[in-house]
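Chemist: Quick note on the numbering used here: the sequence shown kicks off at 3 and runs consecutively. Yeah, the Cβ is synthetic: ideal placement off N, Cα and C, and Gly gets one too. One structure, pasted below without further comment.
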Amino acid sequence: MSETQPLVVEKSSELPADVRQLMSAVAALPAPYREQLEPALMRVAASTKRRRRILSLVQDALSQLRLDMKYLMFDLEATRRERDTYREQLEEHY
C-alpha cells in the first residue's frame, strides 16, 4: 500500500469554505477511506486554486483594459477637438 501525505486543511482564503469543510470531513475518516478520497480531493483543491488564480488574472486584465479604453476615448476626443480647431483656423484663412 502506498503512503500518502496526511491531509492538511488550509485556513487560507484560497479555498472556499465548503472545500475546506470537505477536507476536514475527509481528514476525520478512517485511514483506508481517507487514502481513497485524498487524491481526488487534492485534485479538486488544486483545480479550485488554479481557477481562482485564473479568475484573478482575468479580472486584472479587464480592469487594465477598461482603464486603457478610458485613456483611448480621452485621446480620441482630444484629437477630434484639435482637428475641429485646425479646420476652423483653416477656414478662417481661406
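Are the CB atoms of A63 and L17 nearer to each other than 7 angstroms?
Modeler: No, the pair does not count as a contact, with Cβ atoms beyond the cut-off.
Chemist: Please look up how many angstroms separate the CB atoms of L39 and V28, rounded, as I've assumed it's under 8 angstroms.
Modeler: The Cβ separation is near 5 angstroms, so the contact holds.
Chemist: For P32, which of helix, strand or coil comes out of DSSP?
Modeler: Looking at P32 - three-state DSSP - the assignment turns out to be coil, as it is neither helix nor strand.
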